[in-house]
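**Q** Chains as they are written, first to last, in the numbering used here: chain F, 1 to 432; chain D, 433 to 864. I am attaching a structure below and will ask some questions about it afterwards.
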């Protein structure tokens with residue numbers, strides 16, 4: 001990008017698909033981004049902003065006035081415009097809505113009623129609906145009157161006179177079936193419509209399990225509101241999976257890889273602060289055993305080993321549980337089994353490595369008591385780690401706290417404290 | 433499941449979609465699984481096994497002979513059968529292939545030539561191809577001669593007489609365009625076909641960026657081999673995202689949430705063993721400072737704080753990099769910028785929390801020297817953490833080592849060692 005004139009770059013950008021431009025922006029340091037952004041014309045800019053992560057969207061949108069927003073969002077799908085408007089201050093959102101015609105505005109307000117993370121917030125209103133009593137031949141002629149069929153249309157939606165959902169007519173059926181038969185005879189009725197209030201991760205699971213390309217969305221009375229398409233579901237899947245990974249490191253899943261320092265540093269500082277408090281809590285437990293450490297300094301050398309092994313074992317269990325919960329596999333009926341299993345694994349691996357550690361420590365410091373103490377502490381801490389790693393996320397979920405975010409902090413505090421106290425406590429007993 | 437007779441359960445299962453049965457199996461402890469499995473008829477069993485995670489697939493397949501495998505895979509897509517066969521011992525795979533007819537076998541061998549994790553391994557051969565010189569009317573009549581059009585068909589693929597890919601004709605164009613015009617006039621030619629050797633994560637990124645439902649796959653000479661559909665791509669996206677999360681805890685992304693203890697315990701034990709070695713390395717550095725700790729026991733109390741803060745800060749940086757690399761955002765041109773940013777964030781947050789820690793430690797132990805020492809060590813370790821967290825994954829990638837798997841172990845070793853050495857080393861200097 002350094003070489004070439006600005007005009008060359010502008011021409012290159014206008015030839016690229018919006019998603020590639022968005023990718024280029026995501027992969028560029030901040031100062032390049034704004035130069036690139038200014039080179040996009042309104043239509044491309046709208047599509048590009050739509051493809052960006054929320055963090056970057058907010059950054060670009062924050063610099064626009066209502067008129068600019070109205071211009072760039074003109075060509076976008078309803079759900080995408082709704083997402084963008086929901087990020088803006090109310091004043092600007094209202095100005096943008098005021099500048100639209102009655103029909104566009106009504107449709108958008110419909111989508112914006114629903115929370116961002118529900119089926120209603122994911123849906124588009126670009127459905128093609130038909131009646132069940134038509135023949136396929138009539139449907140084919142009806143379609144020919146359209147300028148174009150919306151992208152990702154794999155099914156026509158069959159509704160009653162009152163717009164209630166009855167079934168789906170796949171295009172691939174329409175193309176091979178006898179044109180003389182009625183829609184009613186050929187339609188699929190076993191695909192349940194999605195309620196507008198369903199959380200988006202459940203929507204994603206339905207799409208994954210049933211291999212849908214699109215699915216109809218209805219209100220409480222079964223009235224058709226719109227449809228959800230796989231491209232938006234893929235984004236939900238990506239975000240959900242990112243959420244677990246990023247949260248476990250105390251990061252936001254919308255975190256932009258190339259966010260500037262002044263935005264990233266304070267966010268991360270908060271997480272470090274929380275961990276600093278828990279580290280001081282763990283330290284205060286070590287403090288109780290100053291006398292013992294003074295007598296046997298080898299304890300200070302070995303104590304981080306016990307704590308760290310507990311942290312590792314606990315994190316493994318926690319990760320398995322967090323993923324299982326994100327995939328919807330962990331239920332009330334199987335959670336007891338899981339806790340038992342993690343207890344057994346903790347005990348088994350605790351005993352295994354306790355033996356190794358005991359020998360290593362005894363040989364290193366020529367002190368068999370030390371080996372015995374560290375072995376016992378290791379078993380205690382690995383069992384604690386297994387139990388905490390399994391029970392904690394279940395408990396946090398019941399308290400409506402995100403296990404991926406809070407789990408790691410609480411877990412390592414527990415394994416640190418139990419590790420230090422069991423090791424130094426046993427040492428105090430043995431060395432009197 | 434406890435209540436009700438086995439017949440009731442069997443009837444219930446045969447009414448459920450395969451994906452729901454698979455989900456039920458995934459969420460059941462091992463001993464329930466095999467009871468449930470035995471109740472499925474062959475056709476359903478094939479679809480169900482196809483939906484299971486690799487770990488569970490292997491478990492079920494391991495108990496079958498060639499004849500059973502041949503029966504259950506009869507109704508599946510080529511790419512799914514190929515995946516299943518590739519997991520079996522060669523002897524059984526050959527027996528299954530021998531039992532097929534010539535045509536099925538040739539098609540399967542075609543798919544099996546390609547590695548599982550490439551475009552070729554993801555593709556199906558159920559394409560509908562047409563010639564460019566036909567009119568749309570002829571195409572419509574040609575389609576009517578099909579019993580059915582394969583699922584997820586959004587485009588017909590336009591090829592030359594020699595089966596070379598030229599373009600795509602969307603069904604949604606076919607349904608609205610003038611039947612008298614030719615395929616050539618209406619086809620899309622700007623969608624590049626996917627080379628069979630493209631790695632599957634790149635395929636996923638192409639689908640995500642371009643919102644494709646299906647895409648054609650070609651060989652080196654541009655000859656059409658098959659097509660990839662979004663349902664298989666969604667699985668790749670899910671697996672890739674899982675990979676980062678699970679690897680960072682030393683777990684396999686195919687790890688089954690409900691795997692039995694005898695399978696899970698040894699896998700996790702290995703990871704604990706690796707971490708035990710690194711914990712001993714860190715401990716051996718503490719050991720160098722026994723004399724200083726003996727003089728000032730407060731050092732033993734505070735040293736885990738320095739190490740743990742470094743670990744947290746480094747993990748945050750590492751996670752951002754691992755995710756950025758998985759999304760393909762980190763390139764040779766921007767990695768320098770990233771390392772600089774992480775250095776700056778480490779310095780900024782190091783100084784911020786060093787101040788807080790210095791005051792807390794000084795007040796706690798009524799010793800200002802201790803405050804100064806821990807403050808300096810904290811800054812050193814947080815800067816090291818930022819630099820290591822950013823540079824290490826880039827280095828590991830260049831060495832073809834998975835940064836998500838190896839990164840965490842190496843990182844915490846570095847932050848532990850640097851944390852202990854800087855803190856205890858400075859203390860040795862200050863306390864003489």
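A virtual CB, placed ideally from N, CA and C, is assigned to each residue, including glycine. The model shown is predicted, which means the values in this text are computed figures rather than measured ones.
Please return the same chain residues whose Cβ sits closer than 6 Å to the Cβ of residue 1 of chain F, not counting the five positions on each side in sequence.
**A** Residue placement at residue 1 of chain F cannot be trusted, given a pLDDT of 49 that sits under 50; what the coordinates show is reported in the next sentence. If we look at residue 1 of chain F and ignore the five residues flanking it on each side, it has no Cβ neighbours.
**Q** When burial is assigned at 16 or more other CB atoms within 10 Å of the CB, is residue 546 of chain D buried or exposed?
**A** buried
**Q** Using DSSP with H/G/I as helix, E/B as strand and the rest coil, what is residue 507 of chain D?
**A** Coil, per DSSP.
**Q** Closer than 8 Å by beta-carbon distance: list the chain C residues that pair up with residue 669 of chain D, in chain order.
**A** Looking for chain C here will not work: the only protein chains present are F and D.
**Q** Using the three-state DSSP reduction, which class does residue 433 of chain D fall into: helix, strand or coil?
**A** Since pLDDT at residue 433 of chain D reaches only 49, below the 50 mark, its modelled position is unreliable, and the value read off the structure follows with that caveat. Residue 433 of chain D: coil per DSSP, three-state reduction.
**Q** Pop quiz: residue 169 of chain F and residue 158 of chain F are said to be a contact at Cβ under 8 Å. What is the actual Cβ separation, rounded to whole angstroms?
**A** 6 Å
**Q** To be precise: take each residue of the stretch 28-45 of chain F, compare its Cβ to all Cβ atoms of chain D, and keep it if any distance is under 8 Å. Which residues remain?
**A** The residues in question are 28, 29.
**Q** Starting from residue 696 of chain D, find everything on chain F with Cβ-Cβ shorter than 7 Å and list it in chain order.
**A** 345
**Q** Quick one: which chain F residues come within Cβ less than 7 Å of residue 729 of chain D?
**A** Neighbours of residue 729 of chain D on chain F, chain order: 290, 293, 294.
**Q** On the three-state DSSP scale, how would you describe residue 657 of chain D?
**A** strand
**Q** Counting only Cβ pairs nearer than 7 Å, list the residues of chain F close to residue 458 of chain D.
**A** 329
**Q** Just to confirm the assignment: which complete beta strand (DSSP E) runs, minimum length 3, are found wholly within the stretch 560-604 of chain D?
**A** 587-591, 597-602
**Q** By Cβ distance, which residues of its chain are closer than 7 Å to residue 618 of chain D, with the 5 residues on each side in sequence left out?
**A** The residues 568, 601, 605, 609, in chain order, have a CB closer than 7 Å to that of residue 618 of chain D in the same chain once the five nearest residues on each side in sequence are set aside.
**Q** Could you check where the alpha helix (DSSP H) with residue 716 of chain D kicks off and where it finishes?
**A** 693-719
**Q** Are any of the Cβ atoms in chain F nearer than 8 Å to that of residue 744 of chain D?
**A** yes
**Q** Using alpha carbons as the reference points, say which of F/175, F/75, F/201 lies closest to residue 120 of chain F.
**A** F/201
**Q** Closest by CA to residue 266 of chain F, which one among D/781, D/625, D/628, D/743?
**A** D/781
**Q** Quick one: measure Cβ to Cβ for residue 809 of chain D and residue 858 of chain D, integer angstroms, because I've assumed they're closer than 8 Å.
**A** In this structure, residue 809 of chain D and residue 858 of chain D form a Cβ contact; the two beta carbons are roughly 6 Å apart against a cut-off of 8 Å.
**Q** What's the C-alpha gap between residue 544 of chain D and residue 403 of chain F?
**A** 41 Å
**Q** Would you list, in sequence order, the uninterrupted beta strand (DSSP E) runs of no fewer than 3 residues that lie entirely inside the stretch 611-660 of chain D?
**A** 646-650
**Q** Using 8 Å as the limit for Cβ to Cβ distance, is residue 617 of chain D near chain F?
**A** no
**Q** How should residue 106 of chain F be labelled, buried or exposed, when 16 other C-beta atoms within 10 angstroms of its C-beta is the threshold for buried?
**A** exposed
**Q** With the cut-off set at 8 Å, would you say residue 595 of chain D and residue 656 of chain D are in Cβ contact?
**A** The Cβ atoms of residue 595 of chain D and residue 656 of chain D sit closer than 8 Å to each other.
**Q** Any chance the stretch 782-792 of chain D sits against the stretch 809-819 of chain D, with 3 or more Cβ pairs inside 8 Å?
**A** Yes, since at least three Cβ pairs between the stretch 782-792 of chain D and the stretch 809-819 of chain D fall closer than 8 Å, the two stretches touch.
**Q** So, at 8 Å on beta carbons, what are the nonlocal neighbours of residue 448 of chain D in its own chain, with the 5 sequence-adjacent residues on each side left out?
**A** 456
**Q** Expressed to the nearest angstrom, what Euclidean distance is found between the alpha-carbon atoms of residue 673 of chain D and residue 471 of chain D?
**A** 33 Å
**Q** Can you look up residue 745 of chain D in the DSSP assignment and give me helix, strand or coil?
**A** In the displayed model, residue 745 of chain D falls within a helix according to three-state DSSP.
**Q** Could you name the residues of chain F that residue 578 of chain D contacts, counting a contact when the two beta carbons are closer than 7 Å?
**A** 176
**Q** Which residue marks the beginning of the alpha helix (DSSP H) containing residue 417 of chain F, and which one marks its end?
**A** 403-431
**Q** Does any residue of chain F have a CB that is nearer than 8 Å to the CB of residue 712 of chain D?
**A** yes
**Q** Might you give, ordered along the chain, the residues of its own chain that have their beta carbon closer than 6 Å to the beta carbon of residue 771 of chain D, omitting 5 neighbours on each side?
**A** 822, 823
**Q** Please report whether the beta-carbon of residue 747 of chain D lies at a distance below 8 Å from any beta-carbon of chain F.
**A** Residue contact with chain F for residue 747 of chain D: present (Cβ-Cβ distance below 8 Å to some residue of chain F).
**Q** Any beta carbon from chain F within less than 8 Å of residue 597 of chain D's own beta carbon?
**A** no
**Q** Rounded C-beta distance between residue 635 of chain D and residue 665 of chain D? I'm assuming under 8 Å.
**A** 6 Å
**Q** List, in order along the chain, the chain D residues whose C-beta lies closer than 7 Å to that of residue 309 of chain F?
**A** 704, 707, 708, 711
**Q** Could you tell me which residues DSSP puts in a beta bridge with residue 118 of chain F?
**A** F/199
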